[in-house]
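One structure is given here, and the rest of the page talks about it.
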Amino acid sequence: MGDLLANKTILVMGVANRRSIAWGCAQVMQEQGAKLIYTYQNERLKKSLLKLTGDEDALLECDVSSDESIAKTFEELKKRYGKLDGIVHAIAYAPKEELDGEITNATREGFKTAMDISAYSLLAVGKEVTRLELLNDPASLVTLTYMGSTRAIPSYNTMGIAKAALESTVRYLARDLGKFGIRVNAISAGAIKTLAVTGIKGHSDLLEISKERTVDQKAVTIREVGGMCAFLMSDLATGVIGDVIYVDKGVHLI
Ligand SMILES: NC(=O)c1ccc[n+]([C@@H]2O[C@H](COP(=O)([O-])OP(=O)(O)OC[C@H]3O[C@@H](n4cnc5c(N)ncnc54)[C@H](O)[C@@H]3O)[C@@H](O)[C@H]2O)c1
9 MGDLLANKTI LVMGVANRRS IAWGCAQVMQ EQGAKLIYTY QNERLKKSLL
59 KLTGDEDALL ECDVSSDESI AKTFEELKKR YGKLDGIVHA IAYAPKEELD
109 GEITNATREG FKTAMDISAY SLLAVGKEVT RLELLNDPAS LVTLTYMGST
159 RAIPSYNTMG IAKAALESTV RYLARDLGKF GIRVNAISAG AIKTLAVTGI
209 KGHSDLLEIS KERTVDQKAV TIREVGGMCA FLMSDLATGV IGDVIYVDKG
259 VHLI
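If you're matching positions, the sequence shown starts at 9 in this note's numbering and goes up one per residue.
Now the structure itself:
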């Protein structure tokens, strides 16, 4: 326990289950004194989230594929909480066929979906917080990325392109939200076995190779990613802006 995030109210988007990176972030932030609110994609995921948090009042639905859903959710957040101190965006999706074989298998529709859910959704969140003046000064917006943005990782394909777009979105948003005291950054996490990863063809090999390439051959954990997230949410990080910070136990070095 600590008080790094005492008096901070933080929205966590993207907890699907106890393996989710967003759940690792939530746990560490809560231990550091943050009050947390969560959004879930649909009713099915609400049930799973409720089992973890036990507090229905702190859950709101938000499907980022829909502008109406995003607007409704953020308007409700404004009504209920006034202002927040941070948002964790841990959301990505690409159709399974995009995450298999060679990049030339990509389709226009699959590409659009991956970009929409995995990159545009961060911009949509940035637009809503600006429109509604939802965040305090200072505040922090953190998203999750992967090194498939800068390297050609087997089967990651369209999602790698979407992550490159996401990281660029971080930089543009950081520039334009900075004047409101909102910092925008990405954490580039190492490979972790989550629901999203199981959509990638050959994910067992990806996880195994990633583990072997860490400095101590132990995979990074969701709590280790959560530690960086808590730091970025805290006022210790007011100088960190528009950055991509690796939390992968050195895999990107080797
Ligand atoms: N697991 C890894 O190895 C790894 C590594 C680096 C980065 N990441 C990133 O971390 C983030 C979280 O993924 P995870 O690995 O914890 O998997 P996860 O499956 O636990 O989380 C993905 C979340 O995205 C949400 N989502 C998908 N489509 C949505 C929509 N239309 N509206 C709202 N929410 C939607 C899902 O509901 C789910 O909660 C993703 O951005 C992922 O790319 C994961």
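The beta-carbon is built from N, C-alpha and C at its ideal position, and this holds for glycine as well.
These numbers come from a predicted model, not from an experiment.
Straight-line Cα distance separating ALA194 from ILE161: 19 angstroms
Reference GLU83, options SER73, LEU68, VAL96, closest by Cα: LEU68
Cβ pair count under 8 angstroms reaching 3, the region 183-201 against the region 137-154: yes
Cβ-heavy atom distance, GLN49 to ligand 1, below 7 angstroms: yes
Limits of the unbroken alpha helix (DSSP H) element including TYR254: Premise fails: TYR254 lies in the beta strand (DSSP E), 252-255, not in any alpha helix (DSSP H).
Contacts around ASN25, its chain only, beta-carbon distance under 6 angstroms, and the 5 residues preceding and following it disregarded: SER56
Whole-angstrom distance between GLY156 and TYR164, CA atom to CA atom: 7 angstroms
Residue range of the unbroken alpha helix (DSSP H) whose run includes GLU39: 29-39
Sheet register partners of SER196 (DSSP bridge): THR153, TYR254
heavy atom of ligand 1 below 7 angstroms from ARG116 C-beta: no
Cβ pair VAL255, VAL223 closer than 8 angstroms: no
Local conformation of TYR164 per DSSP, three classes: coil
Cut-off 7 angstroms between Cβ atoms - residues of its own chain near LEU58, not counting five sequence neighbours on either side: GLU64, LEU67
Heavy atom of ligand 1 within 7 angstroms of VAL72 beta-carbon: yes
Where the beta strand (DSSP E) containing LEU4 begins and where it ends: Not covered by the structure: residue 4. The range shown for the chain is 9 to 262.
Assigned secondary structure, GLY207 (DSSP; H/G/I helix, E/B strand, else coil): helix
Span separating the alpha-carbon of THR153 from that of THR17: 23 angstroms
Integer Cβ distance of ARG183 from GLY250, believed to fall under 8 angstroms: 7 angstroms
Neighbour-count burial assignment, ASP93, 16 or more Cβ in a 10 Å radius: buried
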